[in-house]
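Residue numbers (the UniProt record's numbering): 1 to 64.
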Amino acid sequence: MEEPKLSPFKLTPSRIILLIFGVLVLLIGISTAMGGLNSYQELKGASAAAQNGESVEPASTPTP
């Protein structure tokens, strides 16, 4: 007897792992496009300085 052919849309363990990796890459790409870890660190520093009443200069962006 022959086994029935596997549907191209059936979720197998290997396809689930590939989907998880794809979502992970997508999340990394989105977070990088939104500024990544550096922007988070600058925001944290600015928040701490604002709570202490200090003034903080904005980070300089390189001009092309």
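By construction, the Cβ of each residue, glycine as well, lies at the ideal position given by its N, Cα and C atoms.
query: Backbone secondary structure at glutamate 42 - three-state DSSP; result: helix
query: Arginine 39 versus isoleucine 20: straight-line alpha-carbon distance, rounded; result: Inspection of the sequence shows that residue 39 is occupied by serine rather than by arginine. The alpha-carbon atoms of serine 39 and isoleucine 20 are separated by roughly 26 Å.
query: Extent of the continuous alpha helix (DSSP H) to which glycine 29 belongs; result: 13-33
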